[in-house]
Amino acid sequence: MNRIYKVIWSRVKNCYVVVSEIANNRGKINGSTGTGVSTLLCALALVGSVAPPLNVAQAVNPAGTGAGVAWGNGAYSGTDQHNVALGGYAQASGTVALSLGAHSESTGAYSTAVGGGSHATAKNAAAIGPWSEARAENAVAVGATAKSLAEYAMAVGGDSMANAKNAVALGAIANASQENAVAIGSKAESSGEYAAAIGGGAKAKNKHAIAVGSLSEATGEGSFAVGNNSKAWNNYAYAIGGSSKATGQWSIAMGTNATAQEDSTVAIGTWAEATKGQATAIGNQARARAIGATSLGRLSLVSAVDGTAIGSSTSVTGLNGTAIGNKANVSVKNGVAIGNEANVANENAVAIGAGSETAAAVGTASEMINGEVHNFAGANPGSTVSVGKAGAERTITNVAAGRLSATSTDAVNGSQLYAVNTEVNKGVVYAGDVKAAGANDNKFTQRLGAQTNVVGGVADVSKLSDNNIGVVSNGSNTLNVKLAKELQGLTSVTTGNTVMNTDGVTITGGPKIVKDGIDAGNKQITNVASGGDVITNG
Numbered sequence: 223m224n225r226i227y228k229v230i231w232s233r234v235k236n237c238y239v240v241v242s243e244i245a246n247n248r249g250k251i252n253g254s255t256g257t258g259v260s261t262l263l264c265a266l267a268l269v270g271s272v273a274p275p276l277n278v279a280q281a282v283n284p285a286g287t288g289a290g291v292a293w294g295n296g297a298y299s300g301t302d303q304h305n306v307a308l309g310g311y312a313q314a315s316g317t318v319a320l321s322l323g324a325h326s327e328s329t330g331a332y333s334t335a336v337g338g339g340s341h342a343t344a345k346n347a348a349a350i351g352p353w354s355e356a357r358a359e360n361a362v363a364v365g366a367t368a369k370s371l372a373e374y375a376m377a378v379g380g381d382s383m384a385n386a387k388n389a390v391a392l393g394a395i396a397n398a399s400q401e402n403a404v405a406i407g408s409k410a411e412s413s414g415e416y417a418a419a420i421g422g423g424a425k426a427k428n429k430h431a432i433a434v435g436s437l438s439e440a441t442g443e444g445s446f447a448v449g450n451n452s453k454a455w456n457n458y459a460y461a462i463g464g465s466s467k468a469t470g471q472w473s474i475a476m477g478t479n480a481t482a483q484e485d486s487t488v489a490i491g492t493w494a495e496a497t498k499g500q501a502t503a504i505g506n507q508a509r510a511r512a513i514g515a516t517s518l519g520r521l522s523l524v525s526a527v528d529g530t531a532i533g534s535s536t537s538v539t540g541l542n543g544t545a546i547g548n549k550a551n552v553s554v555k556n557g558v559a560i561g562n563e564a565n566v567a568n569e570n571a572v573a574i575g576a577g578s579e580t581a582a583a584v585g586t587a588s589e590m591i592n593g594e595v596h597n598f599a600g601a602n603p604g605s606t607v608s609v610g611k612a613g614a615e616r617t618i619t620n621v622a623a624g625r626l627s628a629t630s631t632d633a634v635n636g637s638q639l640y641a642v643n644t645e646v647n648k649g650v651v652y653a654g655d656v657k658a659a660g661a662n663d664n665k666f667t668q669r670l671g672a673q674t675n676v677v678g679g680v681a682d683v684s685k686l687s688d689n690n691i692g693v694v695s696n697g698s699n700t701l702n703v704k705l706a707k708e709l710q711g712l713t714s715v716t717t718g719n720t721v722m723n724t725d726g727v728t729i730t731g732g733p734k735i736v737k738d739g740i741d742a743g744n745k746q747i748t749n750v751a752s753g754g755d756v757i758t759n760g
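Numbered per our numbering, the sequence shown spans residues 223 to 760.
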């Protein structure tokens with residue numbers, strides 16, 4: 223049986239309600255007693271008033287059509303008596319569908335479209351706001367022209383869009399375009415699966431990318447940008463801090479304005495900079511500008527491949543150089559400087575200690591010692607190690623004893639030199655056959671370098687002969703001085719009153735024998751053997 227209903231103003235609910243035609247129509251009391259929110263709630267209450275027990279048979283407004291409630295010029299409530307279409311040309315054609323607003327459309331089961339031109343076209347879809355669209359199951363669009371176009375997607379905010387399954391876009395012009403993507407903030411954009419962009423203008427443009435902060439960008443797969451204007455522009459890049467930038471794969475930039483440019487670079491600290499592959503810069507304004515460079519410390523700088531600088535204002539500009547200490551500097555290949563303000567300017571050299579400096583290596587191949595040339599091992603040094611500088615020398619302590627040999631290049635310590643000095647200071651011991659009158663011993667000791675006098679008695683070299691004395695060693699500790707059996711080069715020999723020279727033999731006050739004859743010197747010759755007479759001049 224048909225039943226006739228009418229719409230009257232409820233003073234209790236502060237809105238229009240559907241009642242029986244025979245109910246008392248008291249009309250609306252003048253005055254503003256409601257708000258836009260209460261009106262919307264009343265509209266929802268109106269939906270409840272057309273529940274199944276009412277068994278509605280026709281539209282409330284003659285201008286509307288359909289089995290449910292249709293109120294407004296051209297409004298249509300479809301074939302389900304639970305549908306509600308309120309507004310000019312509102313369409314509620316789904317099951318238990320609700321359309322509120324001119325040209326609103328709810329075509330899906332349990333769908334809701336609220337706002338002029340709103341569209342909820344799939345099961346459980348909800349579009350709230352003028353020209354909002356929810357066009358997939360369980361999709362939600364809230365805000366003017368908001369669009370939710372995939373299952374379980376949610377777009378909240380004017381011109382926001384969620385057009386992939388489980389995508390969430392919250393904020394004016396926010397956009398989540400891939401499955402499970404999240405964009406939160408005005409103009410936030412999330413265009414990768416499982417990506418998240420949070421902040422005004424934030425962009426997460428690849429799978430698993432995360433951008434947090436206004437104008438932050440994460441464009442590589444698995445990239446991570448946190449901080450206002452932070453940029454992570456490559457796969458698995460991490461940028462953390464305001465205006466930080468990580469542009470290489472696996473790069474990490476942490477700190478305000480930190481920059482990690484190429485693959486596997488790390489920059490940590492305000493204005494830290496790692497610009498070449500595998501470079502690492504840690505510290506405020508630390509800079510690593512070469513492949514494999516490591517720069518640790520405030521204002522530290524490495525501009526050479528595989529260089530390492532550790533310390534404040536430390537610098538390495540030489541290939542493979544290493545500088546450790548505040549303001550330490552290495553400007554050559556393979557140099558090593560350890561200590562504050564240590565400086566290496568010679569290849570392969572090492573400076574150890576604050577303020578130490580290197581110089582060119584000087585080789586020493588040999589040296590004349592005690593009149594004899596000695597050749598040394600390690601005569602061609604590749605470089606040098608310095609523990610100080612001119613005017614600021616240092617001792618080296620706690621050095622172990624080095625090996626002592628003709629080929630050893632070990633350093634020796636003080637105890638070894640002391641042992642050598644002890645032996646040297648023992649000097650040389652000289653011994654004679656007998657001691658001189660008044661001497662304490664027949665031997666004496668002289669230190670090295672001291673003068674030892676050997677006195678022969680003849681001071682005129684022209685009166686000396688050669689090759690008449692020999693020195694014989696016993697093989698251990700004795701030298702024997704011997705006179706030649708045959709004396710040569712002698713001019714004369716004097717023994718007592720007898721003189722033998724090239725003229726012959728002369729005996730003072732006695733005979734003389736020369737080549738011309740024998741002069742007996744008025745001496746009687748006796749014991750002459752028989753053999754002839756001896757004739758005298760007398």
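Heads up, the beta-carbon is just placed ideally off N, CA and C, and yes, glycines get one too. Since we're looking at a predicted model, the values are computed, not measured.
If you draw a straight line from the alpha carbon of residue i to that of residue j, how long is it in whole angstroms?
{"i": "L541", "j": "V434", "result": "39 Å"}
{"i": "A314", "j": "A424", "result": "37 Å"}
{"i": "A484", "j": "T530", "result": "Note that residue 484 corresponds to Glu in the displayed sequence, not to Ala. If I take the Cα positions, the gap works out to 18 Å."}
{"i": "A372", "j": "G422", "result": "24 Å"}
{"i": "D206", "j": "A475", "result": "Because the chain in this structure spans residues 223 to 760, residue 206 falls outside the shown range and cannot be described."}
{"i": "V727", "j": "K734", "result": "6 Å"}
{"i": "G316", "j": "A403", "result": "29 Å"}
{"i": "I406", "j": "S522", "result": "39 Å"}
{"i": "S436", "j": "A447", "result": "10 Å"}
{"i": "T469", "j": "V318", "result": "52 Å"}
{"i": "I747", "j": "I729", "result": "15 Å"}
{"i": "K387", "j": "E401", "result": "5 Å"}
{"i": "V680", "j": "L686", "result": "8 Å"}
{"i": "A418", "j": "E439", "result": "10 Å"}
{"i": "L266", "j": "E411", "result": "Low per-residue confidence applies at L266: pLDDT is 43, beneath 50, and the placement is therefore not dependable enough to give any value."}
{"i": "N597", "j": "G624", "result": "19 Å"}
{"i": "G593", "j": "V693", "result": "23 Å"}
{"i": "T536", "j": "T487", "result": "20 Å"}
{"i": "Y332", "j": "S326", "result": "15 Å"}
{"i": "S399", "j": "G414", "result": "7 Å"}
{"i": "D725", "j": "T717", "result": "16 Å"}
Assuming residue i contacts residue j (C-beta within less than 8 Å), just tell me the rounded distance between them.
{"i": "L392", "j": "G380", "result": "In fact, because the Cβ distance is near 11 Å, the residues do not count as touching under 8 Å."}
{"i": "A571", "j": "G557", "result": "6 Å"}
{"i": "S465", "j": "N456", "result": "With 8 Å as the limit, S465 and N456 do not qualify as a contact, their Cβ atoms being about 17 Å apart."}
{"i": "G519", "j": "I532", "result": "6 Å"}
{"i": "A544", "j": "V554", "result": "The amino acid occupying residue 544 in the given sequence is Thr; Ala does not appear at that position. In fact, because the Cβ distance is near 11 Å, the residues do not count as touching under 8 Å."}
{"i": "L320", "j": "G309", "result": "With a Cβ gap of about 11 Å, L320 and G309 do not count as contacting."}
Could you pull out every residue in the same chain whose Cβ sits closer than 7 Å to the Cβ of residue i, ignoring the five residues on either side in sequence?
{"i": "G575", "result": "G561, A564, V609, G610 and R616"}
{"i": "S578", "result": "G561, A564, S608, V609, G610 and K611"}
{"i": "S605", "result": "N568, E569, N570, A571 and A583"}
{"i": "S714", "result": "V721, M722 and N723"}
DSSP beta-bridge partners for residue i?
{"i": "L705", "result": "I691"}
{"i": "T539", "result": "BP columns for T539 are empty, so no partner."}
{"i": "D741", "result": "K734"}
{"i": "L322", "result": "L308 and V336"}
{"i": "I747", "result": "I747 pairs with nothing; no bridge assigned."}
{"i": "K665", "result": "A653"}
{"i": "T717", "result": "T720"}
{"i": "W805", "result": "In the structure as shown, the chain begins at 223 and stops at 760. Residue 805 is therefore absent and cannot be evaluated."}
{"i": "Y298", "result": "T287 and Q313"}
Leaving out five residues on either side along the sequence, give the residues of the same chain with a beta carbon under 6 Å from the beta carbon of residue i.
{"i": "A375", "result": "A361, A384 and A389"}
{"i": "T629", "result": "A599"}
{"i": "T329", "result": "S315, G316 and T343"}
{"i": "N506", "result": "G491, T492 and R520"}
{"i": "A494", "result": "G477, A480, A503 and A508"}
{"i": "T516", "result": "T502 and T530"}
{"i": "G743", "result": "G732 and P733"}
{"i": "G300", "result": "G288, A314 and S315"}
Leaving aside the five residues before and after residue i along the sequence, list all residues of the same chain whose C-beta is less than 8 Å from its C-beta, in chain order.
{"i": "N689", "result": "A706, Q710 and G711"}
{"i": "T720", "result": "V727, T728, I729 and T730"}
{"i": "G442", "result": "N428, A431, A454, W455, N456, N457, Y458, A459 and Q471"}
{"i": "A366", "result": "G337, G351, P352, W353, S354, G380 and D381"}
{"i": "A394", "result": "G365, G379, G380, D381, S382, S408 and K409"}
{"i": "T667", "result": "K648, G649, V650, V651 and Y652"}
{"i": "D528", "result": "A512, I513, G514, A515, L541 and N542"}
{"i": "K745", "result": "G732 and P733"}
{"i": "G444", "result": "N428, K429, H430, A431, N457 and Y458"}
Beta strand (DSSP E) segments (min. 3 residues) lying fully within the region 489-520
502-504 and 516-518
As an exercise, report each continuous beta strand (DSSP E) stretch of at least 3 residues that is fully enclosed by the region 408-488, in chain order.
418-420, 432-434, 446-448, 460-462 and 474-476
Length at least 3, wholly inside the region 570-603: the beta strand (DSSP E) runs in chain order
572-574, 588-591 and 594-597
Runs of beta strand (DSSP E) lying entirely within the region 610-654, each at least 3 residues, in chain order:
650-653
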